[in-house]
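Peer 1: Numbering (this note's numbering), first residue to last: 14 to 229.
After the structure tokens below, expect a handful of questions from me.
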Amino acid sequence: MRGFVVPAVSMDVATQGLLVIALALALAAAGWAAARRGWLPPLAAPAILTVGVAGLWLADAKFSVDWPTFTGSNFKGGRELTPELSTILIGLTIYTTGFVAEIVRGGVLSVGRGQWDAGHSLGLPRGKILRLIIIPQMLRVIVPPLNSQYINVVKNSTLAIAVGYPDFLAVMNTIISKSSHSIEGVFIILGVYLALNLSLSSAANWYNRRIAIVER
Numbered sequence: 014m015r016g017f018v019v020p021a022v023s024m025d026v027a028t029q030g031l032l033v034i035a036l037a038l039a040l041a042a043a044g045w046a047a048a049r050r051g052w053l054p055p056l057a058a059p060a061i062l063t064v065g066v067a068g069l070w071l072a073d074a075k076f077s078v079d080w081p082t083f084t085g086s087n088f089k090g091g092r093e094l095t096p097e098l099s100t101i102l103i104g105l106t107i108y109t110t111g112f113v114a115e116i117v118r119g120g121v122l123s124v125g126r127g128q129w130d131a132g133h134s135l136g137l138p139r140g141k142i143l144r145l146i147i148i149p150q151m152l153r154v155i156v157p158p159l160n161s162q163y164i165n166v167v168k169n170s171t172l173a174i175a176v177g178y179p180d181f182l183a184v185m186n187t188i189i190s191k192s193s194h195s196i197e198g199v200f201i202i203l204g205v206y207l208a209l210n211l212s213l214s215s216a217a218n219w220y221n222r223r224i225a226i227v228e229r
């Protein structure tokens, strides 16, 4: 059984540094635009991406893409994702997508039909009604359950043991069995998962506070 073979991008250290700087500037520009206007314009993402690509091209960034080719009875080139990683990736993606879709659907349905009618009465097209009226209101509903779902994804990643993928928990179990330092190993596992969950919760709570309705 084969895994997935995907194109591999290789770049030198200078290009990696330029890419990090470009991403940081893009995030700063997006945050500034959102703070000035209260929302991010729809063409902001393509514009930022175009400017970033143009900046890398002007800086003569060196990178190459290794495309996989099917030669004989196997692929050559690219980067291969093992069958175990592909299995857990596809399984968790499909499993989590169902819950996220239901959360988003519930958020859309939580906004009253009158909001759509009000947007139509103002002459707004359906896309602008969804972007300017419906989505800002539904976000206040879906952010808390989405936060819980993202935390569940982190915890459900331990299911990789079932397909033989050496995830963090499996590696730590091996280290514990080899070194006999079970207490230290358990504390490391608890610390890592606690740090991940607290980071996700902090980011979601910060965003939830930003979009919350401020009572006067």
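Every residue, glycine too, gets a C-beta built ideally from N, C-alpha and C.
Treat the numbers as computed from the prediction; the structure is a model and nothing was measured.
#1: Do the stretch 87-101 and the stretch 150-168 touch if we need at least three Cβ pairs shorter than 8 Å?
#2: Note the first and the last residue of the continuous beta strand (DSSP E) segment covering A77.
#3: For L31, which of V64, P59 and L94 has the nearest alpha-carbon?
#4: Closest to G120 by C-alpha separation, out of L62, P157 and I189, would be which residue?
#5: Does L135 come out as helix, strand or coil in the three-state DSSP assignment?
#6: What's the call for V199, buried or exposed, on a 16-neighbour Cβ count within 10 Å?
#7: For a quick check, are the C-beta atoms of S170 and L105 less than 8 Å apart?
#8: For a test of the three-state rule: what should DSSP assign to T82, helix, strand or coil?
Peer 2: Walking through what the data contain:
#1: no
#2: Here the sequence assigns Ser to residue 77, which means Ala is not the residue at that position. S77 -> beta strand (DSSP E) spans F76 to D79.
#3: V64
#4: P157
#5: coil
#6: exposed
#7: yes
#8: strand
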